[in-house]
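K.L.:
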Amino acid sequence: MGAIPPCTPCSGGACSHWEPQGAHQAPGELGGLELEQGSSPGIIRVALGLGAVGKGQGHATTSHRAGTRSRCGLLTPPQGGREGCPASPGSPPSPPCATGGGVTLFIALYDYEARTEDDLTFQKGEKFHIINNTEGDWWEARSLSSGATGYIPSNYVAPVDSIQAEEWYFGKIGRKDAERQLLCHGNSRGTFLIRESETTKGAYSLSIRDWDEAKGDHVKHYKIRKLDSGGYYITTRAQFSTVQQLVQHYIERAAGLCCRLAVPCHKGTPKLADLSVKTKDVWEIPRESLQLLKKLGNGQFGEVWMGTWNGTTKVAVKTLKPGTMSPEAFLEEAQIMKRLRHDKLVQLYAVVSEEPIYIVTEFMSQGSLLDFLKDGDGRYLKLPQLVDMAAQIAAGMAYIERMNYIHRDLRAANILVGDNLVCKIADFGLARLIEDDEYTARQGAKFPIKWTAPEAALFGRFTIKSDVWSFGILLTELVTKGRVPYPGMNNREVLEQVERGYRMQCPGSCPPSLHELMVQCWRREPEERPTFEYLQSFLEDYFTATEPQYQPGDNQ
Numbered sequence: 001m002g003a004i005p006p007c008t009p010c011s012g013g014a015c016s017h018w019e020p021q022g023a024h025q026a027p028g029e030l031g032g033l034e035l036e037q038g039s040s041p042g043i044i045r046v047a048l049g050l051g052a053v054g055k056g057q058g059h060a061t062t063s064h065r066a067g068t069r070s071r072c073g074l075l076t077p078p079q080g081g082r083e084g085c086p087a088s089p090g091s092p093p094s095p096p097c098a099t100g101g102g103v104t105l106f107i108a109l110y111d112y113e114a115r116t117e118d119d120l121t122f123q124k125g126e127k128f129h130i131i132n133n134t135e136g137d138w139w140e141a142r143s144l145s146s147g148a149t150g151y152i153p154s155n156y157v158a159p160v161d162s163i164q165a166e167e168w169y170f171g172k173i174g175r176k177d178a179e180r181q182l183l184c185h186g187n188s189r190g191t192f193l194i195r196e197s198e199t200t201k202g203a204y205s206l207s208i209r210d211w212d213e214a215k216g217d218h219v220k221h222y223k224i225r226k227l228d229s230g231g232y233y234i235t236t237r238a239q240f241s242t243v244q245q246l247v248q249h250y251i252e253r254a255a256g257l258c259c260r261l262a263v264p265c266h267k268g269t270p271k272l273a274d275l276s277v278k279t280k281d282v283w284e285i286p287r288e289s290l291q292l293l294k295k296l297g298n299g300q301f302g303e304v305w306m307g308t309w310n311g312t313t314k315v316a317v318k319t320l321k322p323g324t325m326s327p328e329a330f331l332e333e334a335q336i337m338k339r340l341r342h343d344k345l346v347q348l349y350a351v352v353s354e355e356p357i358y359i360v361t362e363f364m365s366q367g368s369l370l371d372f373l374k375d376g377d378g379r380y381l382k383l384p385q386l387v388d389m390a391a392q393i394a395a396g397m398a399y400i401e402r403m404n405y406i407h408r409d410l411r412a413a414n415i416l417v418g419d420n421l422v423c424k425i426a427d428f429g430l431a432r433l434i435e436d437d438e439y440t441a442r443q444g445a446k447f448p449i450k451w452t453a454p455e456a457a458l459f460g461r462f463t464i465k466s467d468v469w470s471f472g473i474l475l476t477e478l479v480t481k482g483r484v485p486y487p488g489m490n491n492r493e494v495l496e497q498v499e500r501g502y503r504m505q506c507p508g509s510c511p512p513s514l515h516e517l518m519v520q521c522w523r524r525e526p527e528e529r530p531t532f533e534y535l536q537s538f539l540e541d542y543f544t545a546t547e548p549q550y551q552p553g554d555n556q
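With the UniProt record's numbering applied, the sequence shown covers 1 to 556.
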């Protein structure tokens with residue numbers, strides 16, 4: 001029986017060398033605070049540990065966890081958006097003033113290997129003066145240790161002695177992402193992180209992995225409130241000038257929390273939105289800068305390879321067969337795709353627009369979701385992990401929805417899986433450009449009829465609501481571990497039966513409530529289908545039932 005891949009081991013990161021004082025919970029030292037209502041009255045959010053293959057033992061339980069779209073200026077990239085591995089902080093630090101010598105001293109949070117002659121290689125802990133920050137994701141900096149000057153990725157550094165420089169600070173990540181990371185295999189009780197509050201500006205949330213016999217592994221969340229005087233507290237009986245002092249206090253004693261703080265959650269190396277500072281704006285690259293190393297798969301319209309760019313950077317390369325699409329139309333679409341940035345979308349890095357077209361993206365270690373479910377470790381996933389993967393996909397599609405974009409070909413084959421069950425959406429927008437007659441006929445052999453909403457298949461009306469229909473089909477792929485939809489029916493039969501009102505029955509082992517969500521996605525009238533924002537919320541809260549969102553800090 002296969003095993004779920006563990007977290008990528010820390011290489012000199014928090015999980016291997018961070019040694020707080022009093023890291024172990026003394027027996028009988030749990031705080032006995034009563035629960036109080038959180039920001040959603042009557043609802044609790046305690047994330048349960050999701051055992052990957054079977055039930056874990058004791059504290060060591062393993063757990064993993066529209067119409068026609070407008071083009072008029074809709075896709076200005078969101079501030080701070082970037083690709084990140086699951087444990088990456090949400091956004092880079094605010095830049096300092098761009099003066100000649102730099103005003104604020106910055107410290108490296110991770111190791112970085114230079115990709116070009118323009119950027120610097122540096123080690124975690126190295127300090128810099130920032131010379132120029134006008135390039136956004138790339139800052140010109142001077143290393144204090146080597147004296148060398150070059151570009152560094154801005155999301156790899158933080159101001160010295162700031163909260164952003166702390167091992168345990170994860171910035172602007174949501175509660176659900178915090179739970180995913182803390183429940184990752186390899187973390188134990190007392191592993192913690194601090195993140196920006198989603199509801200209160202200037203405040204924070206403390207998220208801790210806990211364990212008890214009834215719930216197994218789960219995560220508890222505490223609000224860190226801000227005093228008018230500038231201090232911080234969880235309970236008014238213990239107030240601190242800085243968040244760092246608060247953390248040290250709860251490292252030494254539980255003092256009403258579920259347990260003492262032990263070690264920070266492992267913080268994975270951030271993904272970059274560009275290959276280099278030079279490809280940030282000029283991202284049509286020479287074919288000879290790419291080396292194709294290992295073929296990962298074949299598709300109807302090309303191949304997917306693992307490769308390297310510039311001999312330094314691992315990438316995925318999709319090669320398209322000549323004639324698949326117009327290079328001019330592709331380049332126009334790629335201009336939009338490049339500006340879409342979300343941690344649940346596969347980041348487009350660069351293109352080679354002359355035929356054969358190459359599409360260069362971030363590399364995802366586990367390949368397509370379809371292959372992962374059918375032949376990989378996805379075969380052994382249980383419902384909680386599958387629902388979490390669906391929630392991740394819905395989150396990425398909710399971003400596409402907000403940006404007034406359309407995917408057009410949403411299915412498990414176009415979702416990629418990384419380490420720790422991270423899911424990202426690929427190939428968004430490309431389906432519109434395909435010129436193959438067997439595809440453009442919409443009912444030809446190459447067209448994905450079984451995933452396509454009837455109004456799109458019959459009349460070419462692709463909208464975000466036809467993507468919602470496809471998402472409902474994708475849910476069946478998840479719960480059946482990659483089974484082809486509408487088993488026993490060919491494309492023509494599917495089109496006829498769906499038009500007459502037929503909908504797939506509830507798959508075996510699929511809860512009725514999840515099938516009901518699928519049926520909502522398959523409503524005949526597009527406007528009656530749910531939004532992706534709703535689908536994301538529904539799936540993220542699917543196993544939530546009885547506890548408040550936040551644990552209390554006061555017995556008041």
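C-beta: ideal position from N, C-alpha, C; glycine also.
Please classify G190: is it buried, with 16 or more other beta-carbons within 10 angstroms of its beta-carbon, or exposed?
P.N.:
Per the 10 Å Cβ criterion, buried.
K.L.:
Contact check, G171 vs Q164 under 8 Å by CB: the rounded distance?
P.N.:
Rounded, the Cβ-Cβ distance is 7 Å, consistent with contact.
K.L.:
Under 8 Å Cβ to Cβ from I224, same chain only, skipping five residues before and after it: list those, please.
P.N.:
I194, S197, A203, Y204, S205, L206, Y232, Y233, I234, V243 and L246
K.L.:
Quick check: the region 313-325 against the region 353-360, are at least 3 beta-carbon pairs closer than 8 Å?
P.N.:
Output reads yes: the region 313-325 touches the region 353-360.
K.L.:
Nearest to I464 by alpha carbon, out of W309, H407, G174 and G376?
P.N.:
H407
K.L.:
Strictly by DSSP, which residues pair up with D217?
P.N.:
W211
K.L.:
Check whether the region 407-419 and the region 365-378 are in contact - that is, three or more C-beta pairs closer than 8 Å.
P.N.:
yes
K.L.:
To the nearest angstrom, how far is it from the Cα of K220 to the Cα of W211?
P.N.:
10 Å
K.L.:
Would you report the Cα separation of Q291 and V351, rounded to the nearest angstrom?
P.N.:
14 Å
K.L.:
Of all the options W305, E284 and F301, which has the alpha carbon lying nearest to the alpha carbon of L293?
P.N.:
W305
K.L.:
Does DSSP classify Y151 as helix, strand or coil?
P.N.:
strand
K.L.:
Distance, Cα to Cα, P153 vs P512?
P.N.:
So the two alpha carbons sit approximately 47 Å from each other.
K.L.:
On the three-state DSSP scale, how would you describe H515?
P.N.:
In the structure shown, H515 adopts helical secondary structure according to DSSP, grouped into three states.
K.L.:
Could you check whether the Cβ of T149 sits closer than 7 Å to any Cβ belonging to chain D?
P.N.:
Here chain D cannot be found, since the structure has a single protein chain.
K.L.:
Give the secondary structure of T476 by DSSP, where H, G and I count as helix, E and B as strand, and everything else as coil.
P.N.:
helix
K.L.:
Counting only the same chain and skipping the five closest in sequence on each side, list residues whose C-beta sits under 7 Å from that of A456.
P.N.:
F462 and S466
K.L.:
Y399 to E288, Cα distance in whole Å?
P.N.:
34 Å
K.L.:
Since I believe D111 is in contact with K124 (beta carbons under 8 Å), could you give me their beta-carbon distance rounded to a whole number of angstroms?
P.N.:
Confirmed, about 5 Å.
K.L.:
Using three-state DSSP, classify D371 as helix, strand or coil.
P.N.:
helix
K.L.:
What are the uninterrupted segments assigned as beta strand (DSSP E) that are 3 or more residues long and contained completely in the region 242-295, given in chain order?
P.N.:
For the region 242-295, not a single whole beta strand (DSSP E) run of length 3 or above is found.
K.L.:
Return the chain-ordered list of same chain residues with a C-beta closer than 7 Å to the C-beta of Y156, the five sequence neighbours on each side being excluded.
P.N.:
A108, L109, Y110, Y112 and P270
K.L.:
Looking only at DSSP bridge pairs, what is H407 linked to?
P.N.:
Bridge partners of H407: none, in fact.
K.L.:
To the nearest whole angstrom, what separates the beta carbons of G297 and L345, a pair I think is in contact under 8 Å?
P.N.:
Their Cβ separation, rounded to whole angstroms, is 20 Å, which puts G297 and L345 out of contact at 8 Å.
K.L.:
What residue range is occupied by the uninterrupted beta strand (DSSP E) comprising K382?
P.N.:
Neither: K382 is in no beta strand (DSSP E) and is coded neither H nor E.
K.L.:
Which whole runs of the beta strand (DSSP E) in the region 311-370 are 3 residues long or more, in chain order?
P.N.:
Counting only runs of 3 or more, we get 313-320, 348-352 and 358-361.
K.L.:
Using 7 Å as the threshold, is the C-beta distance between D118 and V277 below it?
P.N.:
yes
K.L.:
Contact defined as beta carbons within less than 8 Å: I believe F532 pairs with E401. What is the distance between those atoms, to the nearest angstrom?
P.N.:
Right, the Cβ-Cβ distance comes to about 5 Å (below 8 Å), so this counts as a contact.
K.L.:
How would you write the range of the beta strand (DSSP E) that V417 sits in, first residue to last?
P.N.:
I415 to V417
K.L.:
For my contact list, R379 and K481 are in at a C-beta cut-off of 8 Å; report their separation, rounded to the angstrom.
P.N.:
6 Å
K.L.:
For my contact list, D281 and Y349 are in at a C-beta cut-off of 8 Å; report their separation, rounded to the angstrom.
P.N.:
Rounded, the Cβ-Cβ distance is 13 Å, inconsistent with contact.
K.L.:
Is E540 buried or exposed, if buried means 16 or more other CB atoms sit within 10 Å of its CB?
P.N.:
E540 should be labelled buried.
K.L.:
Assuming G472 contacts C521 under a Cβ cut-off of 8 Å, what Cβ separation, rounded to an integer in Å, is found between them?
P.N.:
3 Å
K.L.:
Leaving out the 5 sequence neighbours to the left and right, which residues in its chain are closer than 7 Å to K226 when beta-carbon positions are compared?
P.N.:
For K226, where only same-chain residues beyond five positions count, the Cβ hits under 7 Å are G202, A203 and Y232.
K.L.:
Would G256 be called buried (16 or more neighbouring beta carbons within 10 Å of its own) or exposed?
P.N.:
buried
K.L.:
Taking its Cβ as the centre, do 16 or more other Cβ atoms sit within 10 Å of P526, making it buried, or is it exposed?
P.N.:
buried
K.L.:
Opposite G171 in the DSSP bridges: which residues?
P.N.:
R195
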